[in-house]
Amino acid sequence: MADRTAPSRRFLPGDPRVAEPYRLTPQLALRVAILGFLALALFAVLFLRLWALQVLSGERYLAQANDNRVRTLRLEAPRGPILDRNGRVLVTNTPGTRVELWPSDLPKTWAAQLAELRKLASVTGVPTKDIVAELAKHGDDPLTPVVVQRGIKQQQIYYLLEHQDEFPGVRLPQSYLRKYPYQSLAAQVLGYVGQISPEDYKALKKKGYLASDSIGQSGIERTYDTYLRGMDGTAQLTVDSRGRPKTAAVPIQSSAPGETLRLTLDINLQRAAERALTYGINLARSSAEGAYADGGAIVALDPRNGDVLAMASNPTYKPSLFSGRKDMKKLAPLLNPKVAQEDNFPAFNRAIQVGYPPGSTFKPVTAIAAMQAHVVGPLTPLLCSPSYTAYGQVFHNWTPLIDQWVDLRTALAMSCDTYFYRLGDDFFKLPSGRGHLLQGWANRLGLGETTGLDIGGEISGLIPTPEWRCKTFGGPPCRGYVDRIWKPGYSIQLAIGQGDVLVTPLQMARFYALIANGGKLVTPHLANDVEQSGSNGQPLRVLRRFGAQPPQPVNVDPTALNYVALGLEEATHASIGTSSGVFGNFKVDIAGKTGSAEKFVHVKGLPNAIKLNQSWWCGYGPFDAPTIVVCATIENGGHGGSAAAPAALKVFEQYFHTTATTTAKASD
Numbered sequence: 000m001a002d003r004t005a006p007s008r009r010f011l012p013g014d015p016r017v018a019e020p021y022r023l024t025p026q027l028a029l030r031v032a033i034l035g036f037l038a039l040a041l042f043a044v045l046f047l048r049l050w051a052l053q054v055l056s057g058e059r060y061l062a063q064a065n066d067n068r069v070r071t072l073r074l075e076a077p078r079g080p081i082l083d084r085n086g087r088v089l090v091t092n093t094p095g096t097r098v099e100l101w102p103s104d105l106p107k108t109w110a111a112q113l114a115e116l117r118k119l120a121s122v123t124g125v126p127t128k129d130i131v132a133e134l135a136k137h138g139d140d141p142l143t144p145v146v147v148q149r150g151i152k153q154q155q156i157y158y159l160l161e162h163q164d165e166f167p168g169v170r171l172p173q174s175y176l177r178k179y180p181y182q183s184l185a186a187q188v189l190g191y192v193g194q195i196s197p198e199d200y201k202a203l204k205k206k207g208y209l210a211s212d213s214i215g216q217s218g219i220e221r222t223y224d225t226y227l228r229g230m231d232g233t234a235q236l237t238v239d240s241r242g243r244p245k246t247a248a249v250p251i252q253s254s255a256p257g258e259t260l261r262l263t264l265d266i267n268l269q270r271a272a273e274r275a276l277t278y279g280i281n282l283a284r285s286s287a288e289g290a291y292a293d294g295g296a297i298v299a300l301d302p303r304n305g306d307v308l309a310m311a312s313n314p315t316y317k318p319s320l321f322s323g324r325k326d327m328k329k330l331a332p333l334l335n336p337k338v339a340q341e342d343n344f345p346a347f348n349r350a351i352q353v354g355y356p357p358g359s360t361f362k363p364v365t366a367i368a369a370m371q372a373h374v375v376g377p378l379t380p381l382l383c384s385p386s387y388t389a390y391g392q393v394f395h396n397w398t399p400l401i402d403q404w405v406d407l408r409t410a411l412a413m414s415c416d417t418y419f420y421r422l423g424d425d426f427f428k429l430p431s432g433r434g435h436l437l438q439g440w441a442n443r444l445g446l447g448e449t450t451g452l453d454i455g456g457e458i459s460g461l462i463p464t465p466e467w468r469c470k471t472f473g474g475p476p477c478r479g480y481v482d483r484i485w486k487p488g489y490s491i492q493l494a495i496g497q498g499d500v501l502v503t504p505l506q507m508a509r510f511y512a513l514i515a516n517g518g519k520l521v522t523p524h525l526a527n528d529v530e531q532s533g534s535n536g537q538p539l540r541v542l543r544r545f546g547a548q549p550p551q552p553v554n555v556d557p558t559a560l561n562y563v564a565l566g567l568e569e570a571t572h573a574s575i576g577t578s579s580g581v582f583g584n585f586k587v588d589i590a591g592k593t594g595s596a597e598k599f600v601h602v603k604g605l606p607n608a609i610k611l612n613q614s615w616w617c618g619y620g621p622f623d624a625p626t627i628v629v630c631a632t633i634e635n636g637g638h639g640g641s642a643a644a645p646a647a648l649k650v651f652e653q654y655f656h657t658t659a660t661t662t663a664k665a666s667d
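Right, dumping it as structure tokens:
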């Protein structure tokens with residue numbers, strides 16, 4: 000059988016028509032040699048260059064790298080000043096120095112970092128744990144400095160500068176501290192400035208705020224921070240590897256100071272209001288009924304446009320405590336809840352943040368509501384008796400010495416409780432289809448809701464209704480809670496401003512402004528305008544006017560309003576008036592109403608709460624053309640005529656630049 004295996008191609012001659020690439024020809028060998036020589040030469044050059052850089056010039060280039068770190072610095076802008084309505088400076092700035100810590104320049108080991116932070120704590124007085132906590136907040140941002148302290152003393156500055164090598168990462172740039180020429184005056188209104196919180200930073204980061212910024216924390220400083228804060232500038236600084244400056248900082252963009260904010264406050268009237276508040280508290284303490292008086296508020300308002308002329312709250316504090324080095328012992332009443340309670344919460348703005356039962360200052364509300372609902376006419380006589388009995392319960396008048404028939408005007412002047420008890424009972428007896436008319440008119444007159452004041456923290460107060468009581472104590476639909484739903488006594492007590500009703504002094508000032516201006520609700524406001532300082536001694540230029548919102552009519556019958564106003568004028572001038580002994584001899588015709596509101600209060604040193612009177616007076620003047628409303632509240636101060644009314648008179652004396660001869664008279 001024939002062999003079918005294919006012959007091997009290795010032994011066949013090559014095809015002369017085809018080139019043989021695998022054969023090393025002389026030409027190919029020459030080309031390979033040339034390429035190899037070039038490659039060898041190139042690698043030799045690179046090797047020699049690297050050897051020169053690493054060995055011959057390594058130390059020189061390392062020094063240059065260490066000496067050429069460019070850092071962008073922030074040039075802090077001074078905050079804008081705050082002025083009163085007449086241009087007096089309420090808040091300004093004072094230059095200072097702050098201690099900044101750059102996390103990226105700290106030692107690389109934790110032990111070395113902790114040693115430096117402990118030394119820094121001993122110099123600045125800021126606890127090490129607080130510095131560590133601030134660094135932890137900025138843990139994901141090593142290029143943003145942490146502000147350790149603002150406003151350090153000159154001795155501290157000298158020490159840190161002389162020992163720079165011991166404090167890598169520490170810088171001492173110029174800073175600005177808020178300065179309060181009038182110290183504690185209007186503290187709760189103005190507010191204070193402090194380090195931005197993590198929550199605020201998260202919300203404001205997109206608006207350009209930095210984690211190291213200081214912002215307004217309360218009051219005017221917080222509400223108008225956008226206008227006051229200014230625009231920071233930038234500079235470049237060359238530092239070495241340890242963060243030590245190698246050259247002077249080169250400004251890139253100058254900072255722009257904050258704008259000037261002008262308020263509606265009159266600083267002289269504000270001072271008078273705060274002194275009057277202290278006077279009223281001391282006056283109350285001198286009597287047995289006001290022995291526990293320990294705080295209060297006074298509001299002065301322009302009834303024509305809602306300008307807040309004065310807003311005083313007692314006890315108070317100094318906003319400068321938050322500027323510069325902080326004394327935690329002095330700040331404890333403002334930051335520690337337990338200490339704050341012991342000191343009666345000095346940070347509270349009692350004019351807007353505390354609700355009080357209004358007592359008899361609420362009676363004009365009941366009078367207006369009763370006339371609007373046709374429950375009573377202005378001349379309808381009702382018996383003002385020592386007591387009023389209804390539903391098996393006896394309700395007493397504030398004095399047992401009156402037993403006569405009176406009309407609405409006289410009832411307001413003498414503050415007859417039993418007259419208004421009858422009106423409260425009449426409201427309760429109205430058909431359910433008519434709704435809750437007394438509460439409805441109270442809301443319409445601005446109570447039970449915020450006033451719209453342009454600083455935060457304002458509470459709405461409370462005008463109690465059957466629905467509120469049901470929800471609060473019984474749970475809808477109140478089945479099984481018959482003893483907790485609305486009873487006649489609640490309407491009777493509400494008519495004289497007692498029971499669950501709560502109002503703020505500003506709400507009551509706004510209501511009395513409505514009586515003064517003929518039936519319109521004003522919107523209280525503190526900011527007047529934003530201004531920019533003129534150049535070369537030019538006057539301030541107004542950038543934006545906030546202005547007053549137009550007063551809103553509430554459609555009160557002018558006749559009803561007029562009778563209420565006449566009753567308030569008799570309360571301060573007629574022989575039966577509850578504050579005629581205070582205002583009867585004053586040269587300006589003042590109209591107003593006293594109030595004494597019972598409230599259970601926990602007093603330091605006593606195991607159980609006791610019932611004390613909150614002293615009130617609200618009114619306005621001049622009677623024929625009112626330009627100011629004053630509302631005063633003295634906590635636990637006793638009768639309105641013996642504490643709050645004399646305090647309010649002091650404010651009127653300052654406003655009208657005249658003094659009065661008063662006759663002491665303690666009454667509702």
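Residue numbers (numbering that gives the first Met the number 0): 0 to 667.
C-beta atoms are modelled at their ideal positions from N, C-alpha and C, and glycine is treated no differently.
The structure presented is a predicted model; accordingly, all values stated were derived computationally and were not measured.
According to the DSSP secondary-structure assignment, Trp404 is paired through a beta bridge with Leu382. Taking the CA atoms as reference points, Ile633 sits about 24 Å from Ala564. Taking a contact as a CB-CB distance under 8 Å, the pair Ile214 and Gln235 does not count as one, their CB atoms being some 26 Å apart. Listed in chain order, the beta strand (DSSP E) elements of length 3 or more contained wholly in the segment 136–198 are 145–149, 173–178, 192–194. The C-beta of Ile297 has 16 or more other C-beta atoms within 10 Å across all chains shown, which makes the residue buried. Here Phe582 is near Ile589, since their CB atoms are less than 7 Å apart.
Looking at the backbone, the Cα of Asp104 and that of Gly168 are separated by about 5 Å. In the structure shown, Ser213 falls within a strand segment according to DSSP collapsed to helix, strand and coil. Rounded to whole angstroms, the separation of the alpha carbons of Lys118 and Leu134 is 16 Å. Ala515 is positioned such that its CB atom lies no closer than 7 Å to that of Pro357.
Taking C-beta atoms under 8 Å as the contact rule, Gln148 and Arg97 qualify, at a distance of about 7 Å. The shortest C-alpha to C-alpha distance from Ala275 to any of Thr379, Ala512, Gln653 is the one to Gln653. The alpha-carbon of Val628 is positioned some 6 Å away from that of Pro302. Nearest Cα to Trp616 within the set Val587, Tyr157, Phe651, Gly305: Phe651. Residue state for Trp109 is assigned as helix, using DSSP reduced to three classes. Rounded to whole angstroms, the separation of the alpha carbons of Ala331 and Val541 is 40 Å. When the five nearest sequence neighbours on each side are left out, the beta carbons in the same chain lying within less than 6 Å of the beta carbon of Leu116 are those of Thr127, Ile130, in order along the chain. Under DSSP, Thr96 shares a beta bridge with Gln173. DSSP places Ser579 in the uninterrupted alpha helix (DSSP H) bounded by 579–582. Around Pro487, the same chain offers Tyr390, Phe427 as residues with beta carbons nearer than 6 Å, after the five sequence neighbours per side are excluded. Under the three-pair Cβ rule at 8 Å, the segment 554–569 does not count as touching the segment 595–604. In this structure, the CA atom of Ser578 is about 14 Å from the CA atom of Gly620. Around the Cβ of Val529, a 10 Å sphere holds 16 or more other Cβ atoms; the residue is buried. Spanning the alpha carbons of Val521 and Arg324 requires a straight line of approximately 42 Å. Here Gln182 has Lys317 as same chain residues with Cβ atoms under 6 Å from its own Cβ, once five neighbours each way along the sequence are excluded. Comparing alpha-carbon positions, the option among Thr417, Gln173, Val502, Ala292 lying closest to Thr398 turns out to be Thr417. Taking a cut-off of 8 Å on C-beta distances, the segment 404–417 does not touch the segment 441–448, as fewer than three cross pairs fall below it.
Comparing alpha carbon positions, the residue from Leu333, Ala508, Asp326 closest to Pro314 is Leu333. Bounds of any beta strand (DSSP E) do not take in Ala272; it lies within the alpha helix (DSSP H) bounded by 266–284. Taking all protein chains in view, the Cβ of Met310 is crowded by 16 or more other Cβ atoms within 10 Å, so the residue is classified as buried. The criterion of a C-beta distance shorter than 7 Å is satisfied by Gly294 and Asn343.
DSSP places Val375 outside both helix and strand once states are collapsed to three, so it counts as coil. Nearest Cα to Arg177 within the set Leu89, Asp667, Ile484: Leu89.
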